[in-house]
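Residue numbers (the working numbering), protein chains in the order written: chain A, 66 to 248; chain B, 66 to 248.
Quick look at the structure:
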């Protein structure tokens, strides 16, 4: 029931590719590129992308926005017949929201060893003390989902290094200038 | 650092009483009565009450709405200088959001043995593997916070029993009626 690729179904790659489109849109807005979609009866009913910086809201993760959009579409907070696809392993907040929404199945792309709460740090979808558990599959389009994140953080590091170098250059010039002006 | 009443400060009871006002508003809307407020520099900057049924959104817990309102007020998703007061121990989703928002301090009223993720089922505010930890105090106006929930669920059970009895009564009348019409 719970494990990588043991319960993958035919349309998983298709819907994950739509979630990846959302992640790409997030990247183009300089947000950490994570995307999510909600599917019910094999129909896509909601999309979401990480918009934390854009919205300046701590809860604006891709999964949260997709779940809220799905609930709005279904006119119900109970999403018992739905599957959530997300490119990155959900964090504690998002797994909590998935459990609150009674999502039936979760499919995610790549693991998040630092904050993931489905496999990496916790296994919250399997806790039988809670009033809901759900099926989980992961590893769908894993290298694409991980790749878009790796590229984003590589660019971010590169930009930060360039800014630091420019600042260092200006500081050196200023120091030389101040030395040259000493009488 | 972490424990009941070991780090209570003077204004905790006042701000918890405001959170209780929010819980009372929720009860009047037939929502599970939980209320929350966000405080920064001893000033109240946001309020929230449970609105899951009203909004039909799985994420519309009191803490989530208070955090979103606080971020909107501060124009930043980082609420590093803020304290969150909530009448009931937060669930997994809400603790996740508290961590995402980098809340400095959490104060809650009563424990939630079935779903609480700060003391009862998990101790997520203390996990040093995550990129944020925070101070926690609980037991503030505990009996009031628990009392409003107990009263709500007692009324709910009473209403359900009355509905069941009325249905049973109608079914018995129907059965009698159908017997009396047998030739």
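Yeah, the Cβ is synthetic: ideal placement off N, Cα and C, and Gly gets one too. Treat the numbers as computed from the prediction; the structure is a model and nothing was measured.
Taking the Cβ atoms as the reference, residue 189 of chain B lies roughly 6 Å from residue 157 of chain A, within the contact range of under 8 Å. Classified as buried, residue 155 of chain A has 16 or more neighbouring CB atoms from the shown chains inside 10 Å of its CB. Taking 8 Å as the upper bound for CB-CB distance, residue 221 of chain B and residue 78 of chain B are not in contact here, some 28 Å apart. Rounded to whole angstroms, the gap between the alpha carbons of residue 83 of chain B and residue 120 of chain B is 22 Å. When the beta-carbon positions are compared, residue 115 of chain B and residue 99 of chain B come within less than 8 Å of each other.
Within chain A, no residue has its CB atom less than 8 Å from the CB of residue 83 of chain B, the nearest being about 21 Å off. A residue is called buried once 16 or more other Cβ atoms fall within 10 Å of its Cβ, and residue 180 of chain A is buried on that count. Here the alpha carbons of residue 203 of chain B and residue 172 of chain A stand approximately 36 Å from one another. For residue 161 of chain B, the uninterrupted alpha helix (DSSP H) run begins and ends at 157-165, by DSSP. Counting along the chain, the unbroken beta strand (DSSP E) around residue 171 of chain A starts and ends at 170-175. Within the segment 82-111 of chain B, the beta strand (DSSP E) runs of at least 3 residues that lie entirely inside it are, in chain order, 100-105. Against chain A, the CB of residue 122 of chain B has a partner CB under 8 Å away; the residue lies at that interface. Excluding the 5 residues flanking it on each side, residue 97 of chain A has same chain C-beta neighbours closer than 6 Å at 115, in chain order. A direct Cα-Cα distance of roughly 45 Å separates residue 195 of chain B from residue 226 of chain B. Residue 153 of chain A sits in a strand when the DSSP states are folded into three classes.
The beta carbon of residue 140 of chain B falls within 8 Å of a beta carbon belonging to chain A, placing the residue at that interface.
For residue 202 of chain B, the enclosing beta strand (DSSP E) has its first and last residue at 200-203.
The beta carbons of residue 139 of chain B and residue 124 of chain A sit no closer together than 8 Å. Where residue 130 of chain A is concerned, the enclosing alpha helix (DSSP H) starts and stops at 127-139.
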